[in-house]
Amino acid sequence: MTELIVYEKRVLSKNDFIEIKAWKFPVSEDFPNGVKYSFAYIRYGKRVFGYDNERGKGHHRHFEDKEEEIEFEGYENCLRSLEMK
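FYI, the working numbering numbers position 36 of the sequence shown as 191, with every residue one higher than the one before it.
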């Protein structure tokens, strides 16, 4: 059973915001800590930068149209990176 546990939208300006989402998921190989997350910096309706742990991809980051695997260093570090953009 999945459950949305966090949803927050931090408006930075008319065209910029940070969107934070996290769901409680059953512990599995894809979600060993039982959490699926998506953190994104959105500008003019398009994700510019973000982090998530999509099923089958593990922890990774998005920058413009590129995607790369990351060594996950905690939710707080991901959020700090978004806030600095």
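Note that CB positions come from ideal geometry on N, CA and C, so glycine has one too.
CB contact flag (residue i, residue j, <8 Å)
| i | j | result |
| --- | --- | --- |
| H217 | F204 | yes |
| G211 | D185 | yes |
Beta-carbon separation (whole angstroms), residue i vs residue j, contact threshold 8 Å
| i | j | result |
| --- | --- | --- |
| I225 | Y196 | The pair is not a contact, with the Cβ atoms about 15 Å apart (cut-off 8 Å). |
Host beta strand (DSSP E) of residue i (start-end)
| i | result |
| --- | --- |
| K179 | D171 to K179 |
| R210 | Note, R210: premise wrong, no beta strand (DSSP E); not H, not E. |
| Y196 | V190 to R198 |
Backbone CA spacing between residue i and residue j [nearest angstrom]
| i | j | result |
| --- | --- | --- |
| Y206 | E223 | 10 Å |
| N208 | S236 | 16 Å |
* Asked: Is there contact here, the stretch 192–208 with the stretch 169–177, by at least three beta-carbon pairs under 8 Å?
  -> yes
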